[in-house]
Structures are given as C-alpha cells and as structure tokens.
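The structure appears right after this line, and notes come after that.
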Amino acid sequence: MSVQATRPILEIDCLSVRYGSVPAVRELSLTVAAGEVVAIVGPNGAGKTTVLSAVMRMVAWSAGDVRLDGESLRKRSSDEVARRGIALVPEGRQIFADLTVHENLRLGMVARRSRTGAAEALDAVFEQFPIVKTFLDRPAGLLSGGQQQQLAIARAIVAEPDVLLLDEPSLGLAPTVIDTVFAALAAIRESGRTIVLVEQRAQRAIAFADRTYVLADGVVRDRLVAADATDAERLRAAYFGADTRAVAGAGTPTGGTPKVGTPADDPVRR
Ligand SMILES: Nc1ncnc2c1ncn2[C@@H]1O[C@H](COP(=O)(O)OP(=O)(O)OP(=O)(O)O)[C@@H](O)[C@H]1O
Ligand SMILES: [Mg+2]
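Heads up, the sequence shown is in my numbering, so the first residue is 1413 and it goes up one at a time.
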C-alpha cells in the first residue's frame, strides 16, 4: 500500500516504562502515519506488549510521551484513550467466555465516539466476520481459537477506531486460520484504518506491514520494510544482533523461548 498521508497519527516519543526496578521499554521512539500498517516484532520480553499497554495507558510511563493526532495522552485514562479512537486487541484475545458473542460485541460498542451509526458498524463487522454473525447468541467460550480471535478483532472494530493495536493475533492459531486473520487485517487496512501489529511471527508481519520496528530489550534494534521479509540474514541479524552465526549455532534464540503454540514455520524462529 502506498501511504498517501504522512501525517503522524501516533507518536511514541522517548517513552520509558519500568516494572518496579525492571526497565521494560527504554527511551523508545516510533511514529505511525495515518493509514499506515506498522509492525513491531522482536523476541520474548522485548517490550512489545508493554509498548501497546503504555499507549492504552494501562501501564504507567516513567518518562516520555505518546501523542495521538498531536495531542498527548499523558493525562488520559485508558477509557479516554479508547474513546479518542485507539482500540487494542489484547494478547490472548481476552474475550468474555461466559458472555455471548453479541454481548462481547456490545462491550466493544462502549468505546464508540459517535452516538449514531452503531447498527451500520455492526453490519460492517458481520460482513467482515461472517462467523461472528453465525454464532451471535453462542457463549464466546464455545468458539474455536480462530473464531475467538475474529471476535476479538470484531469487538475492537465495532468501536470504529482510527488506530487498531493488535498483540500477537496469530498466536496459537493453525496456518489456515492465520490466513483468515491476515485477510481480515487486509480488509481493515483497505478501510483506511491505521494498524499497529505486534507479532512474534516476524516474517509474515514484516511482509504485511508498510514498515516494521524490531524491538529487543526495550529499544528499537532495527527498522525494516516489507521487502526485507525475504532477507533471512537481515531478519536474523535484526532479531538476534549482528552475530548471526552464534544464533545459528544456538538451540534457543536469545531473548527467551518461543511461546507454546507459536507455529515454527517462521525462518526467524527456527
Ligand atoms: N507485569 C509485569 N511485571 C514485571 N515485569 C514485567 C511485567 N510485564 C512484563 N514484564 C517484563 O517486561 C519486559 C517486557 O515484557 P513484554 O511483555 O512487554 O515483552 P513482549 O515483547 O511482549 O514479550 P512476549 O513476546 O513474550 O509477549 C520483560 O522483561 C518482562 O519480563
Ligand atoms: Mg507480549
């Protein structure tokens, strides 16, 4: 996709986040233009989830700023951030298993900015995720992992956010289901929404995104574009540091072990 607009919709500016004495994100800066798809990849513990949590004001910042459309989110609560147009599809989906699919969607509606157009937004979601409509009255916990992921994305989209943050939407899903999730993300991109995609499955995310930031130990280690997705050496270097031979010889990647259920067909993860 060619990005017409270069106006930054989201600016993370020298952001630091600590958990007690542990620095999780260190003076990290990144920008996302309106309409852009930006991926954030990196090994376990790199700080990817923390960045998204910080944007949503779910964790405290120790320094720096995050701006939405030029306006600082420093004094905003999580609810206010959501109502200003940022939605998060959290890691592990976090749908409410005992509630029906419809009730889960209604929770997503709470963050809508406009008082009108809710029915149209719901229809658009049904069109994009037919499975959601099919199982509308079913307890969400009875859906498969892939269906729950679609519901989690649908719940975010129904609020019609300007910026959609997704934390590892492909985690634990079978390859064909991952295809469905990425097809949905492609449609969301076409609708003009800005997407920030956190993924451990680096190659797919890099190929999908307009630009990618590689995080390690809470800092940006590298910046990539879609064409870099086929450059295995570049990816390994970006992920593991300059000495790729050491990584090739090591059984376990630096930075932690793969999560359970992470498909192993990504060259970076081999
Ligand atoms: N609630 C917490 N309390 C203390 N430390 C935490 C907490 N959450 C994360 N951390 C630490 O902060 C660092 C960054 O964690 P984060 O979850 O942001 O990484 P990540 O890149 O999302 O990793 P993963 O790929 O495993 O999801 C890690 O060192 C992690 O152990
Ligand atoms: Mg994470």
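Built from N, CA and C at the ideal position, the CB exists for glycine as well.
If you're wondering where the values come from, they're calculated on a predicted model, not measured in any experiment.
If distances are taken between C-alpha atoms only, which option among 1421, 1557, 1596, 1610 comes closest to residue 1479? Locating residue 1479 in the sequence shown gives position 67, where the first residue counts as 1. Of the listed residues, the one whose Cα sits closest to residue 1479 is 1421.
Validate contact between the stretch 1551-1571 and the stretch 1465-1474 using beta carbons, cut 8 Å, 3 pairs: no
Evaluate contact between the stretch 1480-1489 and the stretch 1643-1651, counting only Cβ atoms and requiring at least three cross-stretch pairs below 8 Å. no
Using only the heavy atoms of ligand 2, determine whether one of them is closer than 6 Å to the beta carbon of residue 1461. Here residue 1461 refers to the residue found at position 49 of the sequence shown. Flag set: Cβ of residue 1461 near ligand 2.
How about residue 1583 and residue 1464: do their beta carbons lie closer than 7 Å? Sequence index remark: in the sequence shown, residue 1583 carries index 171 (1-based). Sequence index remark: in the sequence shown, residue 1464 carries index 52 (1-based). Taking 7 Å as the cut-off, the Cβ atoms of residue 1583 and residue 1464 do not count as close.
Can you grab the Cα-Cα spacing for the pair residue 1507 / residue 1606, in whole Å? The residue you call residue 1507 lines up with position 95 of the sequence shown. The residue you call residue 1606 lines up with position 194 of the sequence shown. If I take the Cα positions, the gap works out to 22 Å.
On the CB-based measure, 16 or more other CB atoms within 10 Å of its CB, does residue 1454 come out buried or exposed? Numbered from 1 along the sequence shown, position 42 holds the residue referred to as residue 1454. Looking at its Cβ environment, which holds 16 or more other Cβ atoms inside 10 Å, residue 1454 is buried.
Suppose you measure from the CA of residue 1428 to the CA of residue 1580; what does that come to, to the nearest Å? The residue given as residue 1428 occupies position 16 in the sequence shown. The residue given as residue 1580 occupies position 168 in the sequence shown. Approximately 22 Å, taken between the alpha carbons.
Only counting the same chain, and skipping five residues up and downstream in sequence, which positions put a Cβ closer than 8 Å to that of residue 1488? For the purposes of this step, residue 1488 is identified with residue 76 of the sequence shown, where counting begins at 1. Contacts found: 1469, 1496.
Own chain residues within Cβ distance below 8 Å of residue 1656, not counting five before or after: On the sequence shown, position 244 is the one that residue 1656 refers to. With a pLDDT of 42 at residue 1656, under the threshold of 50, the predicted position of this residue should be treated as unreliable, though the coordinate-derived value follows. Excluding positions up to five away in sequence, the list reads 1645, 1648, 1649.
Looking only at C-alpha atoms, which of 1555, 1524, 1567 sits nearest to residue 1515? By one-based count along the sequence shown, residue 1515 stands at place 103. Of 1555, 1524, 1567, the smallest CA-CA separation from residue 1515 is found for 1567.
Paired residues, beta bridge with residue 1651 - DSSP: If you number the sequence shown from 1, residue 1651 lands on position 239. Bridge partners of residue 1651: none, in fact.
Should residue 1447 be listed as close to ligand 1, given that the test is whether its C-beta is under 6 Å from any heavy atom? Counting from one through the sequence shown, the residue named residue 1447 turns up at place 35. For ligand 1, not one heavy atom lies less than 6 Å from the Cβ of residue 1447.
Run through DSSP, which three-state label would residue 1451 get? Here residue 1451 is taken as the residue at index 39 of the sequence shown, counted from 1. In the structure shown, residue 1451 falls within a strand segment according to DSSP collapsed to helix, strand and coil.
Between residue 1532 and ligand 2, is there a pair consisting of the residue's CB and a ligand heavy atom that are separated by less than 6 Å? One-based indexing of the sequence shown puts residue 1532 at position 120. It does not: the Cβ of residue 1532 is nowhere closer than 6 Å to a heavy atom of ligand 2.
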